[in-house]
Amino acid sequence: MKKNSRSSAGDATQPADERSFFADLQPQDAHVSDAAAQAVEAHYLGHRDRLRTRYREHGDAALADYELLEMLLFRLIPRKDTKPIAKALLTRFGTLAGVFGAPLPLLQEVEGVGESVALDLKLVSTIGHRTLKSDLRKKHILSSWSAVIEYCHAAMAYETKEQFRILFLDKRNALIADEVQQTGTIDHTPVYPREVVKRALELSATAIILAHNHPSGDPTPSRADIDMTKLIVETAKPLGIAVHDHIIIGKDGHVSLKGLRLF
Numbered sequence: 001m002k003k004n005s006r007s008s009a010g011d012a013t014q015p016a017d018e019r020s021f022f023a024d025l026q027p028q029d030a031h032v033s034d035a036a037a038q039a040v041e042a043h044y045l046g047h048r049d050r051l052r053t054r055y056r057e058h059g060d061a062a063l064a065d066y067e068l069l070e071m072l073l074f075r076l077i078p079r080k081d082t083k084p085i086a087k088a089l090l091t092r093f094g095t096l097a098g099v100f101g102a103p104l105p106l107l108q109e110v111e112g113v114g115e116s117v118a119l120d121l122k123l124v125s126t127i128g129h130r131t132l133k134s135d136l137r138k139k140h141i142l143s144s145w146s147a148v149i150e151y152c153h154a155a156m157a158y159e160t161k162e163q164f165r166i167l168f169l170d171k172r173n174a175l176i177a178d179e180v181q182q183t184g185t186i187d188h189t190p191v192y193p194r195e196v197v198k199r200a201l202e203l204s205a206t207a208i209i210l211a212h213n214h215p216s217g218d219p220t221p222s223r224a225d226i227d228m229t230k231l232i233v234e235t236a237k238p239l240g241i242a243v244h245d246h247i248i249i250g251k252d253g254h255v256s257l258k259g260l261r262l263f
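Sequential numbering from 1 applies to the sequence shown in UniProt numbering.
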């Protein structure tokens, strides 16, 4: 059998797309005919070309969620039919947001998803979070409230443990920093008002927005959430630090404690 030079260990040249992987495949079973191998190759490449054409000519509206995910998986899993894997991911996690927000170990429980693919899916998620965050830095936070909610939801809604996040703002209400101060359990995060205020002073912040997630999915505030918020407000106010809001994020929505007039 003639050895394909592109597969040699010393050649670092990358193929233009996944076609070269199929070109390198050779039947290992003597009973598998060349015609059958070519049919498999034609099936994958023809289907993938059709999806690419639809996306190129009509945009994302022409594709279902599983098809968009399938297109991403083309590159991550070049030697398999990725449609069943895309559908299995959506069945397991419900939505595209659920897929990209899922923890690595849970992603790897889906048949066909190994560590490398799971890491690449999380990389896409991270890039999305960074994009939303960079967009926030260019805006007056209080006049871009929907962007704040979108960012917090993307960053926290699918975490399996509670996170307590703080957005630190300057006197123009522009974002100085966004930090996760504490990570807790599935239903509790320890929060220390003095540490919150101390960090705000270190960053010369004049206002803060508090945010935390409820892994249960229900963003309804607990009595502990309300009491903790009031305590932070009382600690920060004498030092000239305003608490603009405390947002609780769930998978299907959010709650604003300020909007509910709970502090």
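Ideal placement from N, C-alpha and C gives every residue a C-beta, glycine not left out.
Please read all numbers here as calculations on a predicted model, not as lab measurements.
Residue i versus residue j - alpha carbon distance
| i | j | result |
| --- | --- | --- |
| residue 176 | residue 83 | 42 Å |
| residue 73 | residue 183 | 31 Å |
| residue 92 | residue 110 | 8 Å |
| residue 69 | residue 199 | 40 Å |
| residue 36 | residue 80 | Bear in mind that a pLDDT of 49 at residue 36, under 50, signals an unreliable position, so the model cannot answer this. |
| residue 254 | residue 196 | 22 Å |
| residue 130 | residue 166 | 16 Å |
| residue 325 | residue 248 | Within the shown structure, residues of the chain are numbered from 1 to 263, placing residue 325 beyond reach of any answer. |
| residue 159 | residue 112 | 23 Å |
| residue 76 | residue 251 | 27 Å |
| residue 145 | residue 157 | 17 Å |
| residue 107 | residue 95 | 13 Å |
| residue 212 | residue 128 | 19 Å |
| residue 114 | residue 233 | 46 Å |
| residue 141 | residue 243 | 13 Å |
| residue 174 | residue 201 | 16 Å |
| residue 104 | residue 54 | 31 Å |
| residue 207 | residue 59 | 41 Å |
| residue 153 | residue 203 | 24 Å |
| residue 87 | residue 78 | 17 Å |
| residue 56 | residue 85 | 23 Å |
| residue 187 | residue 215 | 7 Å |
| residue 172 | residue 143 | 11 Å |
| residue 117 | residue 89 | 12 Å |
| residue 71 | residue 228 | 45 Å |
| residue 147 | residue 155 | 12 Å |
| residue 185 | residue 223 | 17 Å |
| residue 162 | residue 119 | 22 Å |
| residue 52 | residue 67 | 10 Å |
C-beta neighbour in chain D for residue i, strict 7 Å
| i | result |
| --- | --- |
| residue 203 | In the structure shown, chain D cannot be found, because there is only a single protein chain. |
Boundaries (first-last residue) of the beta strand (DSSP E) holding residue i
| i | result |
| --- | --- |
| residue 254 | 253-256 |
Close beta carbons around residue i, own chain, < 6 Å, minus the five adjacent residues each side
| i | result |
| --- | --- |
| residue 230 | 263 |
| residue 48 | 74 |
| residue 25 | Any reading at residue 25 is ruled out, since the residue's pLDDT is 47, under 50, leaving its predicted position unreliable. |
| residue 164 | 181, 182, 189, 191 and 212 |
| residue 226 | 262 |
| residue 179 | 166 |
| residue 50 | none |
For residue i, the first and last residue of its enclosing alpha helix (DSSP H)
| i | result |
| --- | --- |
| residue 243 | Looking at the DSSP string, residue 243 is not in any alpha helix (DSSP H); the run it does join, the beta strand (DSSP E), is 242-250. |
| residue 234 | 223-236 |
| residue 129 | 115-136 |
| residue 164 | Looking at the DSSP string, residue 164 is not in any alpha helix (DSSP H); the run it does join, the beta strand (DSSP E), is 163-169. |
| residue 98 | 96-101 |
| residue 155 | 145-156 |
| residue 107 | 104-107 |
Neighbourhood of residue i by C-beta distance below 7 Å, restricted to the same chain and skipping five residues each side
| i | result |
| --- | --- |
| residue 194 | 235 |
| residue 150 | 132 |
| residue 205 | 168, 169, 170, 176 and 241 |
| residue 219 | 248, 249, 250, 253, 254 and 255 |
Residues of its chain near residue i, where Cβ-Cβ distance is below 8 Å and the 5 sequence neighbours each way are ignored
| i | result |
| --- | --- |
| residue 245 | 209, 210, 256, 257, 258 and 259 |
Quiz prompt | Contact the stretch 94-109 vs the stretch 132-146: 3+ CB pairs below 8 Å | solution = no
Self-check item: contact_flag[the stretch 52-67, the stretch 113-127] where n(CB pairs < 8 Å) is 3 or more
Solution: In this structure the stretch 52-67 does not lie against the stretch 113-127, because fewer than three pairs of beta carbons, one per stretch, are closer than 8 Å.
Quiz prompt | Runs of beta strand (DSSP E) lying entirely within the stretch 67-94, each at least 3 residues, in chain order | solution = none
Exercise. Report the residue ranges of all alpha helix (DSSP H) runs contained in full by the stretch 172-207; include only those spanning at least 4 residues, in chain order.
Key: Listed in chain order, they are 193-202.
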